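Line by line, the protein sequences give chains A and B. Going by this note's numbering, 28 is the number at position 28 of the first sequence; the sequence numbering is gapless. To convert a position in the second sequence, counted from 1, into this note's numbering, add 1000. Glycine is no exception: its CB is placed at the ideal position from the N, C-alpha and C atoms. Nothing here was measured: the structure is a model prediction, and the numbers come from that model.
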Amino acid sequence: MPFRKVDCSESVEEALARLDLESKRNKAERLAKAEAEKLKKAQAKSAGVRNSKEDARYEDPLSLDADKERELSLNEKARKLYPERGGDAYKPGWFDVVFKGEGREGLDKMKCEMKVWKVVQNSYLVRLLLDALKSSGCEVDLRRHISCEVCDVSVTGGYDPTLNQVVICQNTARYKGIIQGALTHELIHMFDNCRHKLDFKNMQHLACTEIRAANLAHCSYMSGVTDGSVSFGSIKEQHQECVKDRAVRSVLAVRDVSSEEAREVVDSVFERCYNDLEPFGRRIRRNSDHMQKAYWDRKSMGYDLANRIK
Amino acid sequence: MVSVAETSSSSVSDIITQNIGSSSESSSTVSSEASKPQQQQVPAFTWLVKPCFIYKDEYKDCKSFRARFNQYFVDGKTSDCTGWKEDYDNCVLWEDKDDVDALNKVIASEKKRVQKRLKAHYANDVWEQRSEPPANWNSELPKWITKEYEGSFLKKKADDLKSGEEKLGPISGSRAGERASHGEGEGTSSSCSIV
């Protein structure tokens, strides 16, 4: 209660009525102020998005729909994971240079590109995917469609559907094996985008392509056990659990949703997407010649025709 | 799991030709190329038949302990491996004794495999099929990106691939691919060019 001179002339009722009125007026003012601020913020946000440097660099052909908030969160999350996509090259600070050994991004980029070239020459799965893409009418140009960049440490690769590029993370994918895995995974997304009308804003489409990538290229028994999605006791049909788990994690990495929501979406499309094994035709078992066999099998599906006819 | 129904052989070739897209020929013309040096008339889909050792390899792999474990891990039951054994026996009969009935059996079995794959693929109705590649497949990259790529390693390799200086050759590093292309004049009935 503020100390002010009380006018003893008014009665208690009058005083109470006056205070009541004042408090109502204050509340109304407070609410009006909050509304005005919210409006100002929303306007500033939408104006900011339209004029931002990122959008000037590359146009987003997907127009913002009514769910603007979701769209912004989608872009923000992706931009946090792949900061170089916005156009600003990664510049390490002095601490990173001294204590983390950073500062050689140009050299790392060249090393990454050389490893990518080696993988493209020698990996059965990557070559199968490249052949399948070419035969489907979507030839992959190594320079146009693959990019080595500095990314967030939690990812080893990504697929940018706006520019149609596979991003390989030069700072996390330092070994040929990891680059091979990342390239296979992202080329599967590219394959799905080439053959089907993939809408990356549709959660079901995203879940389906992640299920297929986990199903075809990852999830052996041991990887399931080490990830915790498969228990030693029950073995029967546990591959599905591993795939579901991995798909949910991939969806959560790029979308701002709860894990229950992600799991629900994955379950809703699981049956159909789990059985779609193109272009490999089989689930690859580790330490077997399945990759080689799958590559040879491409002939029966016609995936090698684009390379045979010159 | 989706159950597989029998369809006629022509529908399988239709699905394959539909599937492949504009940049390739139909399967029947390729098979006629392969059978040009032949004296006898071989069935149209002989090119589907793989070299016999592959069937034997698949059979052995299917029966192995690791594969059985994996089958149980994935499907919850062990799969039937007798199909591979039959294919191997029939393939050997065709190779050694020119038994056309055996060849037809192998061809039918291969077609069934292709059909099973495509059925599962087209049964995935989460998304619609495209009739042509996405519009932004080869769209122009922003200038700041192309400038960055100017002197890069991948740019050189991509240009070399286009000009023909570099080639994505056979993967094993062996010269099996060259052997296959030189061996076409020998007139073997089943294609040995598996690479």
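Closest Cβ-Cβ distance between residue i and chain A: below 8 Å?
{"i": "glycine 1151 of chain B", "result": "no"}
{"i": "glutamate 1006 of chain B", "result": "The pLDDT assigned to glutamate 1006 of chain B is 42, lower than 50, so where the model puts this residue is not dependable; a value taken from the coordinates is nonetheless given after this. No, glutamate 1006 of chain B lies away from the interface with chain A (no Cβ there is under 8 Å from its Cβ)."}
{"i": "glycine 1083 of chain B", "result": "no"}
{"i": "aspartate 1075 of chain B", "result": "yes"}
{"i": "valine 1042 of chain B", "result": "no"}
{"i": "asparagine 1090 of chain B", "result": "no"}
{"i": "glutamate 1095 of chain B", "result": "no"}
{"i": "asparagine 1104 of chain B", "result": "no"}
{"i": "alanine 1158 of chain B", "result": "yes"}
{"i": "lysine 1155 of chain B", "result": "yes"}
{"i": "isoleucine 1125 of chain B", "result": "Note that residue 1125 of chain B is aspartate in the sequence shown, not isoleucine. It does; some Cβ of chain A falls within 8 Å."}
{"i": "isoleucine 1171 of chain B", "result": "yes"}
{"i": "glutamate 1231 of chain B", "result": "Residue 1231 of chain B lies beyond the stretch modelled for chain B, which goes from 1001 to 1195, so this question has no answer here."}
{"i": "valine 1114 of chain B", "result": "yes"}
What number of angstroms, rounded off, separates the C-alpha of residue i from the C-alpha of residue j?
{"i": "threonine 156 of chain A", "j": "alanine 132 of chain A", "result": "23 Å"}
{"i": "glutamate 278 of chain A", "j": "alanine 213 of chain A", "result": "10 Å"}
{"i": "proline 1134 of chain B", "j": "histidine 145 of chain A", "result": "14 Å"}
{"i": "tyrosine 295 of chain A", "j": "glycine 302 of chain A", "result": "12 Å"}
{"i": "histidine 1121 of chain B", "j": "glutamate 139 of chain A", "result": "21 Å"}
{"i": "phenylalanine 1073 of chain B", "j": "arginine 282 of chain A", "result": "14 Å"}
{"i": "leucine 252 of chain A", "j": "glutamine 180 of chain A", "result": "23 Å"}
{"i": "glutamate 208 of chain A", "j": "leucine 216 of chain A", "result": "In the sequence as presented, glutamate is not what sits at residue 208 of chain A; that position holds cysteine. Answer to the nearest angstrom: the Cα atoms are 12 Å apart."}
{"i": "arginine 127 of chain A", "j": "glutamine 121 of chain A", "result": "7 Å"}
{"i": "isoleucine 1171 of chain B", "j": "glutamine 1115 of chain B", "result": "28 Å"}
{"i": "leucine 107 of chain A", "j": "lysine 1162 of chain B", "result": "25 Å"}
{"i": "phenylalanine 191 of chain A", "j": "tyrosine 1088 of chain B", "result": "33 Å"}
{"i": "aspartate 1159 of chain B", "j": "methionine 114 of chain A", "result": "15 Å"}
{"i": "glutamate 84 of chain A", "j": "glutamate 1095 of chain B", "result": "57 Å"}
{"i": "serine 1131 of chain B", "j": "glycine 137 of chain A", "result": "10 Å"}
{"i": "alanine 1044 of chain B", "j": "cysteine 148 of chain A", "result": "45 Å"}
{"i": "histidine 218 of chain A", "j": "glycine 158 of chain A", "result": "16 Å"}
{"i": "tyrosine 175 of chain A", "j": "lysine 1143 of chain B", "result": "30 Å"}
{"i": "glycine 1083 of chain B", "j": "arginine 1113 of chain B", "result": "11 Å"}
{"i": "glutamate 237 of chain A", "j": "aspartate 267 of chain A", "result": "15 Å"}
{"i": "alanine 17 of chain A", "j": "lysine 24 of chain A", "result": "11 Å"}
{"i": "glutamate 14 of chain A", "j": "alanine 32 of chain A", "result": "27 Å"}
{"i": "lysine 1167 of chain B", "j": "leucine 130 of chain A", "result": "14 Å"}
{"i": "phenylalanine 1153 of chain B", "j": "serine 123 of chain A", "result": "19 Å"}
{"i": "serine 288 of chain A", "j": "cysteine 169 of chain A", "result": "28 Å"}
{"i": "glutamate 979 of chain B", "j": "glutamate 1086 of chain B", "result": "There is simply no residue 979 of chain B to check, as chain B begins at 1001 and stops at 1195 in what is shown."}
So that I know if they touch, is there some Cβ in chain B lying closer than 8 Å to that of residue i?
{"i": "histidine 196 of chain A", "result": "yes"}
{"i": "glutamine 43 of chain A", "result": "no"}
{"i": "serine 288 of chain A", "result": "yes"}
{"i": "tyrosine 58 of chain A", "result": "Any reading at tyrosine 58 of chain A must be qualified, since the residue scores a pLDDT of 38, below 50, and its modelled position is unreliable; no value is offered."}
{"i": "leucine 163 of chain A", "result": "yes"}
{"i": "leucine 277 of chain A", "result": "yes"}
{"i": "glutamate 113 of chain A", "result": "yes"}
{"i": "cysteine 169 of chain A", "result": "no"}
{"i": "cysteine 273 of chain A", "result": "yes"}
{"i": "valine 166 of chain A", "result": "no"}
{"i": "tyrosine 124 of chain A", "result": "yes"}
{"i": "arginine 127 of chain A", "result": "yes"}
{"i": "valine 269 of chain A", "result": "yes"}
{"i": "valine 116 of chain A", "result": "yes"}
{"i": "arginine 311 of chain A", "result": "Chain A is shown from 1 up to 310; residue 311 of chain A falls before or after that span and cannot be answered."}
{"i": "arginine 153 of chain A", "result": "Per the sequence shown, the amino acid found at residue 153 of chain A is valine instead of arginine. No - not a single Cβ of chain B is within 8 Å of the one on valine 153 of chain A."}
{"i": "valine 254 of chain A", "result": "no"}
When you compare the CB positions of residue i and residue j, do they come within less than 8 Å of one another, or not?
{"i": "valine 1126 of chain B", "j": "arginine 272 of chain A", "result": "yes"}
{"i": "lysine 1111 of chain B", "j": "asparagine 1090 of chain B", "result": "no"}
{"i": "histidine 196 of chain A", "j": "glutamine 1129 of chain B", "result": "yes"}
{"i": "valine 153 of chain A", "j": "leucine 187 of chain A", "result": "no"}
{"i": "alanine 262 of chain A", "j": "valine 243 of chain A", "result": "no"}
{"i": "asparagine 1070 of chain B", "j": "arginine 285 of chain A", "result": "yes"}
{"i": "aspartate 1075 of chain B", "j": "alanine 1067 of chain B", "result": "no"}
{"i": "phenylalanine 270 of chain A", "j": "isoleucine 178 of chain A", "result": "no"}
{"i": "proline 161 of chain A", "j": "asparagine 202 of chain A", "result": "no"}
{"i": "lysine 77 of chain A", "j": "aspartate 199 of chain A", "result": "no"}
Counting C-beta neighbours from all protein chains within 10 Å, is the total for residue i 16 or more, i.e. buried, or is it exposed?
{"i": "threonine 1146 of chain B", "result": "exposed"}
{"i": "lysine 1050 of chain B", "result": "buried"}
{"i": "glycine 171 of chain A", "result": "In the sequence on display, residue 171 of chain A carries asparagine and not glycine. Asparagine 171 of chain A comes out buried."}
{"i": "leucine 21 of chain A", "result": "exposed"}
Report the neighbours of residue i on chain C: residues whose CB is nearer than 8 Å to its CB, in chain order.
{"i": "arginine 1117 of chain B", "result": "No chain C is part of this structure, whose protein chains are labelled A and B."}
Using only the heavy atoms of the ligand COA, determine whether one of them is closer than 7 Å to the beta carbon of residue i.
{"i": "lysine 24 of chain A", "result": "The ligand COA is not part of the structure shown, which contains no ligands of any sort."}
Residues of the region 172–184 of chain A whose Cβ lies closer than 9 Å to any Cβ of chain B, in chain order: none
Interfacial residues, the region 1048–1062 of chain B to chain A, with Cβ spacing under 8 Å: Leu1048, Lys1050, Ile1054, Asp1057, Glu1058 and Asp1061
Residues from the region 194–219 of chain A in contact with chain B, defined by Cβ distance under 7 Å: Cys194, Arg195, His196, Lys197, Leu198, Gln204, His205 and Cys208
Where the region 133–145 of chain A meets chain B: residues whose CB sits under 9 Å from a CB there: Lys134, Ser135, Ser136, Gly137, Cys138, Glu139, Asp141, Leu142, Arg143, Arg144 and His145
Under 9 Å (Cβ pairs) to chain B, residues found in the region 80–110 of chain A: Gly87, Ala89, Lys109 and Met110
Selection of the region 1126–1138 of chain B by Cβ proximity to chain A, strictly under 9 Å: Val1126, Trp1127, Glu1128, Gln1129, Arg1130, Glu1132, Pro1133, Pro1134, Ala1135, Asn1136, Trp1137 and Asn1138
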